[in-house]
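Before any comments, here is the structure.
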Amino acid sequence: MEPPVRLASTGTIIHGVSVGEVLGVSTLAGARLIAGESGLGRIVQRLNVMEVPDILAWVKPHELLLTTGYPLRNTPQSLGRLVADLDERGLAALAIKLGRYVDELPDEMVEQADRLGFPLILLPNDVGFDDILNQVLTDILNRQAAVLARAEEAHRALVQVVLAGGGLNEVTAEVAQLLDVSVAAVDGTGRVLATAGPAEHVAVLRESIAHEGPPASPSPGLVRSFAAVPVLAGGHHHGRIVAYSPSGAIRDSDVGILERAATVAALVVTRQEAVNAVESKYRADFLRDVLTGRAGTAERVTSRARAFGWNLARPVTVLVAELDPDGDERSAQDRLVACWTAAIRRHDPQGAVAGFSHEVVAVVDASLDAARVAKDAASAFADLPPATFSTGTSRPSPGAETLPEAYSQALKAARVGRQLHGPGAVAHFDQLGVYRLLSLVNDTDELHAFVRETLGPLASDDDAENADLRRTLQVLLETNLNVAETARRLHFHYNTLRYRIGKLERLLGNFTDDPHLRLNLTLALHVLRMRGI
Numbered sequence: 028m029e030p031p032v033r034l035a036s037t038g039t040i041i042h043g044v045s046v047g048e049v050l051g052v053s054t055l056a057g058a059r060l061i062a063g064e065s066g067l068g069r070i071v072q073r074l075n076v077m078e079v080p081d082i083l084a085w086v087k088p089h090e091l092l093l094t095t096g097y098p099l100r101n102t103p104q105s106l107g108r109l110v111a112d113l114d115e116r117g118l119a120a121l122a123i124k125l126g127r128y129v130d131e132l133p134d135e136m137v138e139q140a141d142r143l144g145f146p147l148i149l150l151p152n153d154v155g156f157d158d159i160l161n162q163v164l165t166d167i168l169n170r171q172a173a174v175l176a177r178a179e180e181a182h183r184a185l186v187q188v189v190l191a192g193g194g195l196n197e198v199t200a201e202v203a204q205l206l207d208v209s210v211a212a213v214d215g216t217g218r219v220l221a222t223a224g225p226a227e228h229v230a231v232l233r234e235s236i237a238h239e240g241p242p243a244s245p246s247p248g249l250v251r252s253f254a255a256v257p258v259l260a261g262g263h264h265h266g267r268i269v270a271y272s273p274s275g276a277i278r279d280s281d282v283g284i285l286e287r288a289a290t291v292a293a294l295v296v297t298r299q300e301a302v303n304a305v306e307s308k309y310r311a312d313f314l315r316d317v318l319t320g321r322a323g324t325a326e327r328v329t330s331r332a333r334a335f336g337w338n339l340a341r342p343v344t345v346l347v348a349e350l351d352p353d354g355d356e357r358s359a360q361d362r363l364v365a366c367w368t369a370a371i372r373r374h375d376p377q378g379a380v381a382g383f384s385h386e387v388v389a390v391v392d393a394s395l396d397a398a399r400v401a402k403d404a405a406s407a408f409a410d411l412p413p414a415t416f417s418t419g420t421s422r423p424s425p426g427a428e429t430l431p432e433a434y435s436q437a438l439k440a441a442r443v444g445r446q447l448h449g450p451g452a453v454a455h456f457d458q459l460g461v462y463r464l465l466s467l468v469n470d471t472d473e474l475h476a477f478v479r480e481t482l483g484p485l486a487s488d489d490d491a492e493n494a495d496l497r498r499t500l501q502v503l504l505e506t507n508l509n510v511a512e513t514a515r516r517l518h519f520h521y522n523t524l525r526y527r528i529g530k531l532e533r534l535l536g537n538f539t540d541d542p543h544l545r546l547n548l549t550l551a552l553h554v555l556r557m558r559g560i
């Protein structure tokens, strides 16, 4: 289970004192706990006096309810239900004076209070309610003021960290020092970004995060061992701030400081995102210039690439990951860039990677298994259905000066691979066979003219029968004109296939006797299959 997460407050933080602390004030020196000892940790935030029998309509959570029993003098039987009703409404405790209007509390009421952990307090007859109200409320207000002053001090310290240019490491270190706990900043995927605190306690914290967090606190008491608050900015969830105290000393007031830390962490995250966006644009612009041959000499390219942490002065391979159609392009593109960036960092820290408008381009060590890198990125991308991407890989490039050619190869491999194998294909330029040669023809108009001249009316889909006839022709050519095998594959009767062959020869010529015509027809079908490239 996740550690208990508390949403950041937007209003005034309300704090109180425990029932046990209330019993320690001087005006209650003669008070006695009758039942509900296990509930002494309940928090008192306000006080109320029971003056009417239907008090349930007027009570609020975390109240200490004071009564002389006067409203219940004529209905003592209702005492048996009173504890359960008050506990259900979240009250902290019931304090009562006995002897004047109610002589004693029913055994059922006492047993129920013990079972529910709801404190029942017997008040001394010589203590006025006004004295109790005054002293307990003063203690609550003093506690509130102390907690707010501590929170403000923590907030100023955390803001100063940001103003001094600190990041998540400095924020977690400041929180760990303020609260004397171990702290971790975790991103939205559960990856730990920064930690602070004793090494052995940080290890426990990391383990709990890796296993989706420790069990939630068994009771809503005053202290806990773990606490977590979300880091929210711009309506987006950027992760969590998680704290751990082996002594279970994290109080509600500490969670309030964690919320302040989460706000500051959100500022750090958004600031870093802005910096990353600018750096990403510069990287993408530079890599685009390199891949289009506009970045200057090889020496200049190598020098500038080194500033980005890239090594382009070695044999490299270019990979292009292009989104397949029919996906949510904007969100999918952002995710595609993130997945490929993470994959390149794992496989080749000196590799270059950048996102363009519809694709991601990576330049990696030529000795790497490009298919494995693509599989790694695809695995991380798989949690965003139904979007997919196709990947193309170039031949090895000996240096920066040949990167434009390698980029062109990878891009063609990605697009031809998608046409041949469907969305999500991974293709190497050298494995495209005849499609590689066809893709090198830059004059697509000439290719389309060749298709029309060779296939004639079968080049278009104006007639629904054309696609069926092309399929028949393709299988015939694939089986080297084996009529029996073609009929078996197409589930045709032998005579039906003979009729279709005759019709094809009337449209295309005597291809069964002309090997050159068969070659042209094969190439035309390949070009047609690459339509749109």
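For the sequence shown, this note's numbering gives the first residue as 28, with consecutive numbering after it. For every residue, glycine included, the Cβ atom is placed at its ideal position computed from N, Cα and C. Bear in mind that the values here come from a model prediction, so they are computed numbers and not experimental data.
Every beta strand (DSSP E) of 3 residues or more that sits fully in the region 241–301 is shown, in chain order, as 253–260, 263–271. Relative to residue 218, the option among 269, 206, 126 whose CA is nearest is 269. Per the DSSP secondary-structure output, residue 454 pairs in a beta bridge with 419. The C-beta separation of residue 137 from residue 91 comes to about 18 Å, leaving the pair out of contact by the 8 Å criterion.
According to the DSSP assignment, residue 148 belongs to no alpha helix (DSSP H) but to the beta strand (DSSP E) extending over 147–149. In this structure, DSSP gives residue 75 an extended state, which the three-state scheme calls strand. For residue 377, the CB contacts under 8 Å within the same chain, skipping 5 residues up- and downstream, are 336, 337, 338, 392 in chain order. Residue 417 and residue 433 have their C-alpha atoms some 17 Å from each other. Here residue 382 carries a strand assignment [DSSP, helix/strand/coil]. Between residue 169 and residue 72, the alpha-carbon positions lie close to 12 Å from each other.
Between residue 134 and residue 63, the CB-CB gap reaches or exceeds 8 Å. In this structure, residue 359 keeps its C-beta atom at 8 Å or more from the C-beta atom of residue 403. Under the Cβ criterion (8 Å, minimum of three pairs), the region 503–519 does not count as touching the region 474–493. DSSP places residue 222 inside the beta strand (DSSP E), whose first and last residues are 219–223.
With contacts defined by Cβ atoms closer than 8 Å, residue 420 and residue 344 form a contacting pair.
Taking all protein chains in view, the Cβ of residue 293 is crowded by 16 or more other Cβ atoms within 10 Å, so the residue is classified as buried.
Rounded to the nearest whole angstrom, the C-alpha separation of residue 184 and residue 308 is 34 Å. Secondary structure at residue 86: coil, using DSSP grouped into helix, strand and coil.
Residue 93 has 76, 122 as its beta-bridge partners, per DSSP. Taking one beta carbon from each stretch, the region 266–285 and the region 297–312 have fewer than 3 pairs nearer than 8 Å; the two do not touch. Within the DSSP secondary-structure output, residue 349 pairs in a beta bridge with 386, 417. With a cut-off of 8 Å on Cβ pairs, the region 143–159 is in contact with the region 118–133, counting three or more such pairs.
For residue 213, the uninterrupted beta strand (DSSP E) run begins and ends at 209–213, by DSSP.
Residue 342 and residue 225 do not touch by the CB rule: their CB atoms are close to 47 Å apart, not below 8 Å. In this chain, the beta strand (DSSP E) harbouring residue 59 covers 59–62.
In the three-state reduction of the DSSP assignment, residue 400 falls in the helix class, which pools H, G and I.
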